[in-house]
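In this note's numbering, the protein residues as written are 1 to 217.
Yeah, the Cβ is synthetic: ideal placement off N, Cα and C, and Gly gets one too.
Let me begin by presenting the structure, written as structure tokens, before commenting on it.
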């Protein structure tokens, strides 16, 4: 199975799906994702269980939300800055993130594996953000991490976003995973792993993500 349209990121399991957009005087047609190609890329079977759709006005930030299910996200309208954070303590890239501008200027879907944080910031007037998940939502299936966590150090393009009451009170990484940070000190490591940050609106082949150094603050 070809993975021509699959773009791998520095975070294991997080991939971009960027298929061609066909335009004419009527508008455009875009095949967002082929499940067989995605399953080949991630190497396990995926089932569709639930579709979700959110609409956000400019400056709204949703996240960081960490779910126990896999999701494939896509911006239908407008442009959003998406930040995907690896919050799987057993992962070698725990505490790292990638960030991209996706939407009308770059029609790309993002696959986010279970245990990784999903967050996005509306950069334009209205943003319609949709995602397919492989489990029906249940109350204990997700939790939040602070959008402005100092260890993640996400470079949000709007510095004073609009947040829900819930997202204003999410804990930091150190509050959620104290044992991980204690173990890091025992190993003698100098804080968090190196932070991975994407070049906001970068294209494939343009250094999709760059290493910007230690996230130790």
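| said: Could you pull the DSSP bridge partners for residue 50 from this structure? | reply: Partner(s): 133.
| Contained beta strand (DSSP E) runs [length at least 3] in the stretch 80-147, N- to C-terminal order | 97-103, 109-112, 116-122, 126-133, 142-144, all fully within the stretch 80-147.
| task | With a cut-off of 8 Å on the beta carbons, I'd call residue 144 and residue 128 a contact; round off their distance for me. | result | With 8 Å as the limit, residue 144 and residue 128 do not qualify as a contact, their Cβ atoms being about 22 Å apart.
| Exposure of residue 120, with buried meaning 16 or more beta-carbon neighbours within 10 Å | Answer is buried; the Cβ neighbour count reaches 16.
| field | Reduced DSSP secondary structure (H/G/I, E/B, other) of residue 67 | value | DSSP places residue 67 in the strand class (E or B) of the three-state scheme.
| field | C-alpha distance - residue 181 paired with residue 171, whole-angstrom precision | value | Rounded to whole angstroms, residue 181 to residue 171 spans 15 Å at the Cα level.
| said: Just verifying my parser: in three-state terms, what is the DSSP assignment at residue 173? | reply: Of the three classes helix, strand and coil, the one that applies to residue 173 here is helix, per DSSP.
| query | When you compare each of 169, 109, 159 to residue 21 by their alpha carbons, which one comes out closest? | reply | It is 109.
| query | Using the C-alpha atoms, what's the distance from residue 146 back to residue 183? | reply | When rounded, the distance between both Cα atoms is 22 Å.
| task | Confirm the yes/no value for this check: CB of residue 15, any heavy atom of the ligand ADP, distance under 8 Å. | result | Absence of the ligand ADP is noted for the structure shown, with no ligands found whatsoever.
| query | So, are the CB atoms of residue 156 and residue 83 less than 9 Å apart? | reply | Yes, the pair counts as a contact, with Cβ atoms nearer than the cut-off.
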